[in-house]
DNA sequence: TCTGGGGTCCTAGGACCC
DNA sequence: TCTGGGGTCCTAGGACCC
């Protein structure tokens with residue numbers, strides 16, 4: 336098997352830069368300290384993509400605009416143009432299809448291409464990869480990295496070796512030399528949590544992970560440990576899958592509101608607008624949903640999620656929203672129950688009057704009233720009848 | 001570290017059944 | 001009345017990717 340992994344360098348930024356140049360702009364964003372980022376005022380303010388000059392000033396993808404501006408006060412911030420990005424992504428995909436019918440769109444800016452059968456037609460993989468890289472640069476105006484190997488994992492890791500505008504091979508025989516010295520966090524599927532856990536186990540490079548005992552990793556990471564060991568050793572037998580097969584499993588939309596939502600009605604309006612979008616997409620895909628899930632992020636960035644299986648699969652906005660609403664109210668009541676329980680505990684310990692609802696002072700009405708006995712454990716006779 | 005939005009997969013624990 | 005094990009389904013949460 337010969338697999339290519341094609342990855343656009345700083346995709347959003349490169350695409351915006353190419354677009355501007357094509358439309359007569361005098362600047363090239365890639366040569367300036369610039370980023371693609373959301374609107375801070377709408378609380379969408381994170382770095383989505385950065386130029387090399389911005390990277391040199393220490394700017395990291397995913398950090399807040401505030402942090403980024405602290406590092407580089409003259410930073411140029413451009414809002415994302417998702418329509419443009421979709422067009423650029425499509426153009427690259429079409430070009431790649433000229434070299435193999437087996438192209439998997441892994442994300443908006445990444446594709447896997449199965450070159451195995453194309454080799455007879457186009458010849459040496461490395462030469463073809465350079466041709467593709469050059470054609471994308473000339474015809475579409477942006478640069479890519481291409482990794483070449485005998486499986487998807489290594490092709491992807493190979494593409495990361497050195498950027499931008501590069502072709503690299505990472506065949507199994509090269510793994511020890513090229514991949515093992517890298518920090519373990521560079522390995523696909525090793526994120527923040529896993530990296531921290533591995534560090535505690537004194538595993539800091541991909542090589543150290545590769546040479547650990549699989550049983551030891553399984554002990555600490557369950558089935559995930561086996562996957563980590565295989566990836567560190569360059570083992571992967573997954574297929575390049577074309578188009579969208581198997582079909583996507585879920586359809587979801589989310590949004591960050593520019594202010595804190597505190598009111599149930601307001602929250603439900605947001606949920607309704609999201610439900611509408613999801614339902615429209617589902618009907619376009621001719622898909623039916625079996626489970627409805629909502630997720631809510633608090634102002635402190637804590638997340639809760641609730642889901643419910645439907646008695647019958649559906650795609651109607653109203654039917655979906657009815658479940659959404661009921662899930663939200665369940666959550667709402669749960670919060671009330673937690674609050675009630677806490678207040679009861681405090682009152683039991685310090686007396687009922689220790690907590691008074693804010694609306695009672697100066698109202699002339701006692702904050703807690705009703706009943707005849709102080710102690711609820713002895714109900715009066717009438718309540719038993 | 002603290003304001004994106006779109007996904008996938010795994011695991012633990014509880015309910016329920018036999 | 002208590003005990004037991006195995007299987008399935010469901011939900012919440014957390015890991016990862018781009």
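Numbering (my numbering), first residue to last: 336 to 720. Glycine is no exception: its CB is placed at the ideal position from the N, C-alpha and C atoms. Remember, predicted model here, so these are calculated numbers, not experimental data.
- In the DSSP assignment, residue 445 is bridged to 342, 442.
- Counting C-beta atoms within 10 angstroms of its own C-beta, residue 619 has fewer than 16 neighbours from the protein chains shown and is therefore classed as exposed.
- Going by DSSP, residue 647 is part of no alpha helix (DSSP H) but of the beta strand (DSSP E) stretching over 638 to 649.
- Beta-bridge analysis with DSSP links residue 587 to no other residue.
- One thing to note: residue 387 has its Cβ no nearer than 8 Å to the Cβ of residue 364.
- Secondary structure note for residue 625: its beta strand (DSSP E) is the uninterrupted segment 624 to 632.
- Here DSSP, grouped into helix, strand and coil, assigns residue 597 to coil.
- Excluding five sequence positions before and after residue 644, the CB atoms of its chain that fall closer than 7 Å to its own CB belong to 625, 626, given in chain order.
- The DSSP-derived three-state label of residue 411 is strand.
- 368 is the residue among 430, 428, 368, 442 whose C-alpha sits nearest the C-alpha of residue 413.
- DSSP places residue 393 outside any beta strand (DSSP E), giving it a letter other than H or E.
- In the three-state reduction of the DSSP assignment, residue 437 falls in the coil class, being assigned neither a helical nor a strand state.
- In this structure residue 592 touches residue 605 by the C-beta definition: roughly 6 Å separates them, less than 8 Å.
- Distance from the Cα of residue 447 is smallest, within the candidate group 584, 336, 622, for 336.
- Bounds of any alpha helix (DSSP H) do not take in residue 361, whose DSSP letter is neither H nor E.
- Nearest Cα to residue 449 within the set 561, 487, 609: 487.
- For residue 562, the three-state secondary structure derived from DSSP is helix.
- For residue 688, no beta strand (DSSP E) segment is defined, and its DSSP state is neither H nor E.
- Of 696, 702, 697, 698, the smallest CA-CA separation from residue 687 is found for 702.
- In the DSSP annotation of this structure, the continuous segment of the alpha helix (DSSP H) that includes residue 430 starts and ends at 417 to 432.
- Per the C-alpha coordinates, the member of 512, 545, 341 positioned closest to residue 482 is 341.
- Non-local beta-carbon contacts of residue 378 in its own chain, meaning distances under 6 Å to residues more than five positions away in sequence, involve 591, 593 in chain order.
- Secondary structure of residue 478 (DSSP, three-state): coil.
- The shortest CA-to-CA distance from residue 635 to any of 603, 642, 596, 601 is the one to 596.
- For residue 472, the three-state secondary structure derived from DSSP is helix.
- When DSSP states are grouped into helix, strand and coil, residue 379 belongs to the coil group.
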